[in-house]
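Chains as they are written, first to last, in our numbering: chain A, 1 to 110; chain B, 1 to 114.
The beta-carbon is built from N, C-alpha and C at its ideal position, and this holds for glycine as well.
Notes to accompany the following structure.
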Amino acid sequence: GESVGLHLPTLSVQEGDNSIINCAYSNSASDYFIWYKQESGKGPQFIIDIRSNMDKRQGQRVTVLLNKTVKHLSLQIAATQPGDSAVYFCAEMGGFKTIFGAGTRLFVKA
Amino acid sequence: KAGVTQTPRYLIKTRGQQVTLSCSPISGHRSVSWYQQTPGQGLQFLFEYFSETQRNKGNFPGRFSGRQFSNSRSEMNVSTLELGDSALYLCASSQDSSSTDTQYFGPGTRLTVL
């Protein structure tokens with residue numbers, strides 16, 4: 001069936017380094033993708049989104065890349081900070097429902 | 001604008017009981033979705049409501065049900081609770097009927113079934 005998955009369940013980076021979190025999706029018909037950040041005890045928080053007619057979108061310190069050829073999505077966080085420590089989910093939207101990946105836990109070492 | 005609110009934040013029930021969770025979307029948002037989050041299964045879609053109508057439903061048993069009111073507030077109900085229903089239940093709202101409209105999540109209701 002349709003699925004959205006992540007390559008790395010955990011990622012540990014040094015403060016100040018760049019982080020890259022990867023995600024694979026299987027439904028080539030999906031046209032909208034979102035990255036969420038979830039901190040302990042909170043609901044997922046929207047970070048950045050991208051539509052299928054784009055291959056790159058930049059926000060503040062974050063960039064999302066979409067490669068439709070290989071159905072791959074990535075989130076790049078520049079100059080990672082301790083406050084970036086959280087679980088990151090990629091999600092695929094279609095048919096009024098959102099399918100989430102398993103999540104990647106990002107640890108930022110000071 | 002106030003964010004998505006969910007009540008109660010924490011709930012403890014015993015097997016066989018039923019529970020009702022409430023969600024108030026962001027003002028002006030008409031779509032409400034519910035998700036179950038567990039360590040083993042991650043975030044799983046339960047159902048989505050728009051203008052008091054259920055538009056989509058995930059793969060959960062009939063014990064899980066929901067509804068939406070005319071003011072867009074939503075409730076979900078779980079009957080005959082099982083231990084495996086222990087989870088964080090998240091509600092998300094979005095503005096309109098577009099399937100690509102960004103969802104904003106509430107803090108969740110932590111349900112523990114003993």
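- Query: So, valine 19 of chain B versus leucine 88 of chain B, is the Cβ gap smaller than 8 Å?
  - Reply: no
- What residues are listed by DSSP as bridge partners for asparagine 27 of chain A? DSSP, once it has assigned bridges, lists no residue as partnering asparagine 27 of chain A.
- Item | Nearest-angstrom Cβ-Cβ length linking leucine 106 of chain A and aspartate 84 of chain A, presumed shorter than 8 Å | 6 Å
- Query: Would you say threonine 10 of chain A faces chain B, with C-beta separation under 8 Å as the test?
  - Reply: no
- Task: Identify the contact partners of phenylalanine 100 of chain A in chain B, using a Cβ-Cβ distance below 7 Å as the criterion.
- Result: Gly42, Leu43
- Message: Give me, in chain order, the residues of the same chain whose beta-carbon lies closer than 6 Å to that of glutamate 48 of chain B; leave out the 5 immediate sequence neighbours on both sides.
- Response: Ser33, Arg55, Asn56
- Rounded straight-line distance, which links the Cα of arginine 51 of chain A to that of glycine 59 of chain A: 14 Å
- Message: Just to confirm my understanding: we take valine 13 of chain A, look at its own chain, exclude 5 residues before and 5 after, and list those with CB closer than 8 Å. What are they?
- Response: Ser19, Thr80, Leu106, Phe107, Val108, Lys109
- Query: Which whole-angstrom value describes the C-beta separation of glutamate 75 of chain B and leucine 21 of chain B, a residue pair presumed to lie in contact below a C-beta threshold of 8 Å?
  - Reply: 7 Å
- Message: Is there a C-beta anywhere in chain A that falls below 8 Å from the one on leucine 90 of chain B?
- Response: yes
- Answer yes or no: does any C-beta atom of chain B fall closer than 8 Å to that of glycine 43 of chain A? yes
- For serine 27 of chain B and alanine 94 of chain B, believed in contact at Cβ under 8 Å, the rounded distance: Sequence check: residue 94 of chain B is serine here, not alanine. Going by Cβ atoms, the distance from serine 94 of chain B to serine 27 of chain B rounds to 13 Å, so no, they are not a contact pair.
- Task: Taking arginine 73 of chain B and cysteine 23 of chain B to be in contact with their CB atoms under 8 Å, please state how far apart those CB atoms are, rounded to whole angstroms.
- Result: 7 Å
- Query: Hey, leucine 90 of chain B and arginine 15 of chain B: beta-carbon distance below 8 Å or not?
  - Reply: no
- Closer than 8 Å, CB to CB, is aspartate 49 of chain A near chain B or not? yes
- Query: What number of angstroms, rounded off, separates the C-alpha of tryptophan 35 of chain A from the C-alpha of alanine 24 of chain A?
  - Reply: 12 Å
- Query: With respect to the beta strand (DSSP E) encompassing glutamate 39 of chain A, which residues constitute its N-terminal and C-terminal limits?
  - Reply: Element bounds for glutamate 39 of chain A: n/a, residue is neither H nor E.
- Query: Are the beta-carbon atoms belonging to glycine 16 of chain A and glycine 42 of chain B less than 8 Å from one another?
  - Reply: no
- Collapsed DSSP secondary structure at aspartate 96 of chain B in the structure displayed: coil
- Task: Have a look at phenylalanine 64 of chain B and phenylalanine 100 of chain A and give me their C-alpha separation to the nearest angstrom.
- Result: 20 Å
- Message: Per DSSP, what are the beta-bridge partners of valine 32 of chain B in this structure?
- Response: B/Tyr49, B/Ser93
- Express the C-alpha separation of threonine 53 of chain B and glycine 62 of chain B in angstroms, rounding to a whole number. 17 Å
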